[in-house]
Amino acid sequence: MTGSSGGARRVPVAALSRVVAVLAVVGGVALLPWLSGRDAAYTVLRARYADREATPEALAAVRVELGLDAGPLAVAGDWLGGLLVGDLGESWISGRPVAGGLLAALGVSLTLTLAALAVAAVLLAASVAPVLRAGLRGRPQAGTGALGAALVALPEFVLATLLLLVGAVWLGWFPPYGWAGAANLPLPALALGLPAGGLLGRLLGTAVAAAAAEPWVRTWLLAGHGRVATGLAVLRRAVPSVAGQAALVVVGVTGGAVAVEEVFAIPGLGRLTLGAAAAQDLPVLQAGLLALLGLAVLLGGAVAALRWLLLGGAREPELPPPPPEPRSRRRDLAVVLGAGGLLAVTVVAGLVRDPTGSSHPRLAPPSWALPLGADASGRDLLARVGHGAVTTLGTALAVLAVCTVVGLLLGCLPRACAGPVEVANALPPVVVGLLVVALSGPSVLAAAVAVGLVSWSPLAAHTAALVEEARRAPHVEVLPLLGVGRARLLWAHVLPAVAGPVVRHAALRLPGVALALASLGFLGLGAAPPTPEWGLLLAEGSAYVERAPWTVLAPASALVLAAVVAVAGASLRRGPRRTVPGRPARGVAGVGAPAAG
Amino acid sequence: MKKPALTLAAVLALPALTTGCFSGGAGGADGADGSGDQRLRLAMLQPPRSGLSPLSDDAFKLSRWSTAETLVELDDAGDPRPGLATSWEQTAPREWRLELREDVVFHDGTPMDADAVAGALQAAVDASPVPRILDGFSLDVATDGDDAVVLTTGEVDPLLPARLSSPQLAVLAPAAYDGDGPVDPVGTGTGPFELVASDGTAGATLDRFDDYWGEPAAAAGIDVSYVPDGTARGAALRTGEADVVEAVPVSQQAGIDPDLLHEVAMPRTNTLYLNTDRGPFADPAVRAAAREALDPARIVADVYEGSADEATGLLGPALPWAAPLREGGSWAATVGGRVEPATPAEVDGAPITLGTFTDRAELPEVAVLLEQQLEDAGFEVTQDVREYQFIESDAIDGAFDAFLLSRATVLDSGDPVAYLASDFGCEGSFNLSQLCDPAVDAAVEEAARTPAGDERRAAIIAAEAELLATDAAIPLLHERVSQGEAAGVRGALRDPRERELVDSGTRVER
Chain A
1 MTGSSGGARR VPVAALSRVV AVLAVVGGVA LLPWLSGRDA AYTVLRARYA
51 DREATPEALA AVRVELGLDA GPLAVAGDWL GGLLVGDLGE SWISGRPVAG
101 GLLAALGVSL TLTLAALAVA AVLLAASVAP VLRAGLRGRP QAGTGALGAA
151 LVALPEFVLA TLLLLVGAVW LGWFPPYGWA GAANLPLPAL ALGLPAGGLL
201 GRLLGTAVAA AAAEPWVRTW LLAGHGRVAT GLAVLRRAVP SVAGQAALVV
251 VGVTGGAVAV EEVFAIPGLG RLTLGAAAAQ DLPVLQAGLL ALLGLAVLLG
301 GAVAALRWLL LGGAREPELP PPPPEPRSRR RDLAVVLGAG GLLAVTVVAG
351 LVRDPTGSSH PRLAPPSWAL PLGADASGRD LLARVGHGAV TTLGTALAVL
401 AVCTVVGLLL GCLPRACAGP VEVANALPPV VVGLLVVALS GPSVLAAAVA
451 VGLVSWSPLA AHTAALVEEA RRAPHVEVLP LLGVGRARLL WAHVLPAVAG
501 PVVRHAALRL PGVALALASL GFLGLGAAPP TPEWGLLLAE GSAYVERAPW
551 TVLAPASALV LAAVVAVAGA SLRRGPRRTV PGRPARGVAG VGAPAAG
Chain B
1 MKKPALTLAA VLALPALTTG CFSGGAGGAD GADGSGDQRL RLAMLQPPRS
51 GLSPLSDDAF KLSRWSTAET LVELDDAGDP RPGLATSWEQ TAPREWRLEL
101 REDVVFHDGT PMDADAVAGA LQAAVDASPV PRILDGFSLD VATDGDDAVV
151 LTTGEVDPLL PARLSSPQLA VLAPAAYDGD GPVDPVGTGT GPFELVASDG
201 TAGATLDRFD DYWGEPAAAA GIDVSYVPDG TARGAALRTG EADVVEAVPV
251 SQQAGIDPDL LHEVAMPRTN TLYLNTDRGP FADPAVRAAA REALDPARIV
301 ADVYEGSADE ATGLLGPALP WAAPLREGGS WAATVGGRVE PATPAEVDGA
351 PITLGTFTDR AELPEVAVLL EQQLEDAGFE VTQDVREYQF IESDAIDGAF
401 DAFLLSRATV LDSGDPVAYL ASDFGCEGSF NLSQLCDPAV DAAVEEAART
451 PAGDERRAAI IAAEAELLAT DAAIPLLHER VSQGEAAGVR GALRDPRERE
501 LVDSGTRVER
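From first to last, the protein sequence lines stand for chains A and B.
Numbered by UniProt numbering, the letters in the first sequence go through residues 1 to 597 in order.
Numbered by UniProt numbering, the letters in the second sequence go through residues 1 to 510 in order.
In C-alpha cells, the structure reads:
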C-alpha cells in the first residue's frame with residue numbers, strides 16, 4: 001500500500017480513505033444515542049424538570065416518546081434516512097424541529113467567524129508589514145518569537161472576560177452581551193481574532209523573514225523590479241509554506257467560538273451544541289456537530305483554495321523551501337534559561353506546598369508568605385499552579401507522546417491515512433471534546449482523548465512529507481535494488497531521518513495542546529474540581545479577575561511561560577538544516593496548534 | 001494574504017453580509033404604542049431548556065414575566081389565594097369545584113371558559129412525562145357549566161389548591177395545545193404581558209396586553225435576554241444594559257453599587273447528608289462529631305461573603321413561619337435528644353468520601369472548606385466532585401459517606417412535606433442518608449395527613465426536629481440570591497419561590 005506501487009493504485013486508496021473517514025464520523029454521530037451507553041431518558045427528564053424524581057414510569061414514558069425503545073440500529077437508521085432528505089429530526093427537549101434553530105445559529109456563528117477573521121487579517125497585516133519592510137531593506141529580522149508566543153498563549157475565554165470588563169464596563173463602548181446589532185460584534189470578534197491573528201502573524205512573519213533573506217530578493221531589487229512587486233513576490237513565496245498551518249488556525253476559530261459565545265451570550269452554534277451536550281439532547285448535538293464540522297471544512301477549504309490560487313494550480317509547492325529563519329541562538333538560550341528557570345522554580349516551590357487546604361483568607365493578595373496569593377476558597381495559588389503543572393503539562397506531554405508515535409506510524413502510510421488526517425485537521429478539539437464527553441462523561445482522561453484524537457494529524461502529515469523526502473534520497477532509492485526489504489528500509493533508513501524533526505515539531509505543539517486541555521477544563525469538559533488544573537484555575541479565577549487579578553495572572557503566566565519555553569527551546573535545538581534543492585518541505589514545524597480551539 | 005485593499009474590502013463588506021444575521025431581539029422602541037411608557041429590559045440567568053413549554057421548568061419564566069397565569073396563586077405565607085379561579089370548595093373528600101373568573105380573554109382574543117381551562121389541565125395530566133407537581137398523583141378534570149371546573153383526585157389531597165398554583169399548570173388558550181408539537185406560549189397567555197416573540201436561547205419580547213382582566217401593566221413591554229455568564233450579568237447592571245438582572249453572583253457584587261442589589265432568601269438549604277447505613281457515619285456518635293466539627297459561619301463568610309443565612313433547621317428564612325414555631329420548647333427538647341459526639345481520638349482518622357457536584361458553582365468551594373473542617377476533627381476526607389447528572393445515581397445508591405447538596409425545600413406547591421418524605425422517609429426516592437427511622441417516618445406521615453394551615457406547619461416543624469435528632473442530615477446554610485435592579489426600577493418583585501419578577505405594577509423611569 002505504501003511507496004513503490006504504481007500511480008494507478010494511488011488515487012483509489014486515498015479516495016477510499018477519505019470516504020471511510022467521513023463515513024466513520026457520520027456513522028459515529030448517528031450511533032451517539034447508543035454509543036453513549038447512558039440512559040438518555042434520564043438526562044432528558046432532568047433537563048425538563050430540574051428537581052423531579054426520576055421514577056421508572058417517568059423514564060419509560062420518555063423512552064417511548066423519544067422512540068429509544070426501538071433499538072440503536074433503528075434509531076440510527078431513522079436519523080440517517082432523515083439526514084438524506086434534509087430532516088434533522090426534532091429536539092428531545094423542546095420537541096421542535098432541529099433544522100430551524102440550527103440554521104439561525106449557523107448564521108450567527110458564520111457572522112462571528114468572519115468578523116473574527118477580519119480582525120485576524122488586520123492584525124496579520126500589521127504584524128507582517130514591518131517584517132516585510134525590514135526584509136526588503138536587507139535587514140531581515142525574525143518575527144517576534146517569544147513575545148508572540150506569549151500573546152497567543154492566552155486562551156480565548158480569559159481574553160473574552162478581560163475584553164468584557166474593559167470594553168463594556170470600564171470604557172462603556174460596547175454592550176456587554178447579546179446579539180441585537182452590529183455593536184455586539186466587536187468584543188467577541190476581538191476575543192476570537194486576536195489569538196488567531198497573533199498566531200497567523202507569527203507564522204507568516206517567520207516565513208516572510210526567511211523568504212526575504214533569499215538571494216533572489218536582492219537580485220530583483222538591484223534589477224530595479226521595485227519594492228512593491230518584490231514585496232508581493234516575497235509574500236507569494238512565503239504564504240504557501242504556512243497555508244497548511246494557517247488552515248488549522250482558522251479551523252480553530254470555530255472551536256474557540258464555543259467558549260466566547262458562552263461568555264457573551266451569543267446564540268451561536270457553539271452555545272447550541274454545548275447546551276445540547278449538557279442536556280444530552282442528542283438530535284441537536286448530532287446536527288450541531290455536523291454543522292460545526294461543515295463550517296470547519298468550509299474554512300479549511302477556503303484556505304486550501306487560496307493556496308491553490310497562489311500556486312497557480314500546482315499540486316504541491318515546487319519552490320525550494322525557505323532557509324532556516326535568521327535568529328540569534330544566544331538570545332533563544334537566554335529566553336529558555338530565563339523562562340524555563342522561572343517556571344521550574346514556580347513548579348518546584350508549588351509542589352512542596354498544599355494545593356487543597358483552605359488555610360488562607362479568601363482572595364488573599366500576593367505576599368512573602370503567599371507569593372501568588374490565594375484563590376476564592378483561600379487555597380495557596382502557588383501550590384495549585386505547581387501541582388497543576390503536573391496535571392496540565394503532564395497530560396499534554398503524555399498526549400503528545402502518544403500522538404508522536406501514532407503520527408510516525410500512520411505517516412508511513414500516507415495515502416491510507418489521508419482521509420483521517422483531513423478529517424482530524426478539520427475538527428477543533430472542543431468539538432471532539434463535546435463528542436467524547438457525550439460518550440464518557442467529563443474527566444481528565446476524556447479531555448486527553450479528545451485532544452489526542454485531533455493532535456496526531458499534523459504530526460502524521462509532517463511524517464508523510466518527510467518519509468516521501470527520505471525515500472527519494474539517492475542512497476535510499478538504491479536500497480531495494482540491493483535487496484533491502486521494505487520493512488527494514490523503513491525501520492533502519494527512513495524512520496531515523498524522520499523521527500528527529502517530528503519530535504521537535506511535537507515539542508512545538510506542547511503549548512497548543514496544554515491550551516486545548518485548559519479550554520476543555522474551562523467548559524467543564526475536563527478535570528473536575530478540586531483537581532489543580534490550569535484550565536480549571538483560570539475558570540475559577542475568571543469571575544474574580546477584576547477584584548483579584550492574581551487568581552487569573554498566576555495560571556495564565558504559567559501557560560505563557562510554558563509556551564515561551566517550548567517555542568524558543570524547539571528552535572534552539574534545531575541544528576543548521578540541510579536543504580534539499582527541489583524537494584518540498586511541507587508542514588514544517590508550525591507553532592502551537594490552533595490550540596485554544 | 002497581506003493585501004490591504006483586500007482586507008479593507010472584507011471589513012467593508014462585512015456589515016452588508018451580516019445584516020439580517022442578528023437576532024434583533026431588542027423589540028419595540030420605547031413608547032412605540034404611543035403611551036410614552038418605558039419598556040423593561042430583563043437579563044435572566046438560564047436560557048429556556050424546552051422552548052418555553054409550560055410543561056417543563058421553563059414554566060417559571062412564563063410566570064416571572066406575568067404572561068401565563070394559574071387558577072390559584074400563593075400569598076407570602078404560602079397559602080392559596082384566587083388567580084384565574086375566584087373561589088373553590090371541597091365538595092367531597094376527593095372532589096373540588098372551582099369557580100372561574102369572568103371577563104378573562106386570552107392574548108389571541110378567545111375568551112377563557114371552562115372548556116379551555118379543562119383542556120389546559122388535561123394537557124398537563126396527559127403530558128409524558130407528567131409535570132413534577134402531578135408526579136404519582138391522579139387527577140380527573142370535568143367542566144361544570146361554562147364558568148366552573150370539577151377536579152377529582154385519586155386520593156384525598158388537602159393540598160390541591162396549592163398544587164394548582166404551580167406554574168406548570170398555567171392555563172393557556174386552546175390554540176397553544178393544537179397539534180402534536182410542543183405547547184406554544186406565544187400569544188396564548190392571559191397575563192398583563194403578551195409574549196409576542198421567542199428567540200430561542202437569545203431572548204424574548206413581550207408587549208403590554210391591553211385587554212387584561214386586572215390592572216393594566218405600567219410598563220409598555222419586556223425585553224428579555226438570557227445571559228448565563230455571571231460577569232456579563234454583573235456588567236449588565238453596571239453599564240445600564242438591563243433594568244432588572246437575575247442572580248448577580250457573589251464574585252461580581254464588589255464592583256456594583258449596593259443600592260442596586262436586593263437579596264432574596266431562597267427556599268434552598270445546603271445540607272450535608274451523612275450515610276447512616278454503612279461506613280463511619282453509621283455510628284450516631286461519629287455523625288455527631290461531624291456536626292460539631294462543621295463551622296457554617298466560616299462558609300457563609302468565605303464562600304458566600306455573608307450573602308447566606310446560617311441554618312438552624314432544614315427550613316430557612318424563605319419560609320418565615322418556620323423560625324417562630326421552633327421556639328415552643330418541644331423542638332429544642334427533641335433536637336436536644338441527640339447523642340454525644342465522638343471525640344477526635346475516637347474518630348481517629350476515619351476515612352470518608354465527600355461527594356458534591358459542579359452545577360452550582362459554590363458547592364465545590366463549600367466542599368473545600370468542609371474537607372478542611374472535617375480533617376481538623378480527625379476525619380480523612382476524599383472528595384469526589386462531578387457534574388450532577390453523572391453523580392446523582394451514585395448518591396442515591398449511598399456510594400458516598402457524605403454528600404453535599406443544595407436542596408430545594410419547597411417546589412411547586414409551596415409545601416415542604418414532599419421534600420421531607422422523599423429525602424428522609426424509609427421509602428423516600430431521594431434518601432441520600434439511607435435513613436430509616438420510625439420516629440421520623442411517623443412524624444412526616446402525620447404532617448402529610450394534616451390539612452394546610454397552622455397545624456400542618458407545626459407538624460412539619462415537629463418532623464424537622466425528629467430528623468435533626470438523628471444527625472442524618474446537617475443543614476449548613478440557606479442561600480440568598482441577589483437580584484439587581486437599576487436605579488429607576490419600581491415595583492419589581494423579589495420572590496423566594498422564583499415565580500414572580502415583573503407584574504403589572506412594575507415600571508422603570510430612565
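Even for Gly, the Cβ is constructed at its ideal location relative to N, Cα and C.
All of these numbers come straight from a predicted model, not from anything done at the bench.
Taking DSSP's pairing of strands, which residues face residue i in a bridge?
| i | result |
| --- | --- |
| HIS478 of chain B | B:THR269 and B:ASP309 |
| GLY203 of chain B | B:ASP199 and B:SER225 |
| THR382 of chain B | B:THR353 |
| GLN483 of chain B | B:HIS262 |
| THR152 of chain B | B:GLU95 and B:ASP140 |
| LEU40 of chain B | B:ILE222 |
| GLU90 of chain A | A:PRO97 |
| SER166 of chain B | The partner list for SER166 of chain B (beta bridge, DSSP) is empty, contrary to what the question assumes. |
| LEU74 of chain B | B:PRO80 |
| ARG407 of chain B | B:THR269 |
Please list, in chain order, the chain C residues whose beta carbon lies closer than 8 Å to that of residue i.
| i | result |
| --- | --- |
| TYR226 of chain B | Protein chains in the displayed structure are A and B, and chain C is not among them. |
How should residue i be labelled, buried or exposed, when 16 other C-beta atoms within 10 angstroms of its C-beta is the threshold for buried?
| i | result |
| --- | --- |
| GLU325 of chain A | Because the pLDDT at GLU325 of chain A is just 45, under 50, the model does not fix this residue reliably, and the point stays unresolved. |
| GLU316 of chain A | Its pLDDT being 47, under 50, GLU316 of chain A is placed unreliably by the model, and the measurement read from it follows with that caveat. Classification for GLU316 of chain A: exposed. |
| ALA104 of chain A | buried |
| PRO322 of chain A | Here PRO322 of chain A scores only 38 on pLDDT, less than 50, and its place in the model is too uncertain to base an answer on. |
| GLY179 of chain B | exposed |
| PRO480 of chain A | exposed |
| ALA5 of chain B | Reliability of the predicted coordinates at ALA5 of chain B is poor, the pLDDT of 43 falling under 50, and no value is obtained from them. |
| GLY31 of chain B | Note on GLY31 of chain B: pLDDT 49, under 50, position unreliable in the model; no value is reported. |
| THR343 of chain B | exposed |
| VAL352 of chain A | exposed |
| GLU422 of chain A | buried |
| residue 511 of chain B | This structure cannot speak to residue 511 of chain B, because chain B is shown only from 1 to 510. |
Quick one: list the residues of chain A neighbouring residue i, beta-carbon separation under 7 Å, in chain order.
| i | result |
| --- | --- |
| ARG238 of chain B | VAL169 |
| PHE390 of chain B | GLY441 |
| PRO129 of chain B | LEU45, ALA58, ALA61 and VAL62 |
| ALA202 of chain B | TRP179 and PRO267 |
| SER56 of chain B | ARG48 and TYR49 |
At a CB-CB cut-off below 8 Å, which residues of chain A make contact with residue i?
| i | result |
| --- | --- |
| LEU501 of chain B | Within 8 Å Cβ-Cβ: nothing; LEU501 of chain B doesn't reach chain A, min ~18 Å. |
| VAL385 of chain B | ALA528, PRO529 and PRO530 |
For residue i, return the contacting residues in chain A, with the cut-off set at a CB-CB distance below 9 Å.
| i | result |
| --- | --- |
| LEU369 of chain B | SER358, SER377 and GLY378 |
| PRO258 of chain B | The contacting residues do not exist; PRO258 of chain B stays about 15 Å from chain A at best. |
Using a Cβ cut-off of 7 Å, pull out every chain B residue sitting near residue i, in sequence order please.
| i | result |
| --- | --- |
| TRP534 of chain A | Going along chain B, no residue has its Cβ under 7 Å from TRP534 of chain A, so there is no contact; the nearest lies around 17 Å. |
| residue 614 of chain A | The structure shown does not extend to residue 614 of chain A, since chain A is modelled only from 1 through 597, so no value can be given for it. |
| ARG362 of chain A | ASP302 |
| GLU546 of chain A | GLY255 |
Taking residue i and residue j to be in contact with their CB atoms under 8 Å, please state how far apart those CB atoms are, rounded to whole angstroms.
| i | j | result |
| --- | --- | --- |
| ASP58 of chain B | ARG287 of chain B | No, ASP58 of chain B and ARG287 of chain B are not in contact; Cβ-Cβ is about 39 Å, not under 8 Å. |
| LEU369 of chain B | LEU404 of chain B | That pair is no contact at about 10 Å. |
Which residues of chain B have a Cβ atom closer than 9 Å to the Cβ of residue i, listed in chain order?
| i | result |
| --- | --- |
| GLU65 of chain A | SER128 and PRO129 |
*Members of the segment 475–493 of chain B near chain A, C-beta cut-off 9 Å*: Nothing from the segment 475–493 of chain B brings a Cβ to less than 9 Å from some Cβ of chain A.
*asked:* Short of 7 Å Cβ to Cβ, which residues in the segment 160–172 of chain B face chain A?
replied: Within the segment 160–172 of chain B, no residue qualifies.
*Using a beta-carbon distance cut-off of less than 8 Å, what residues from the segment 164–188 of chain A approach chain B?*
From the segment 164–188 of chain A, only LEU164, LEU165, ALA168, VAL169, GLY172, PRO175, PRO176, TYR177, GLY178, TRP179, ALA180, GLY181, ALA182, ASN184 and LEU185 have a Cβ closer than 8 Å to chain B.
*For the segment 86–103 of chain A, enumerate the residues whose C-beta is nearer than 7 Å to any C-beta of chain B, in chain order.*
Near chain B, meaning a CB-to-CB distance below 7 Å, the residues of the segment 86–103 of chain A are ILE93, SER94, GLY95, ARG96 and GLY101.
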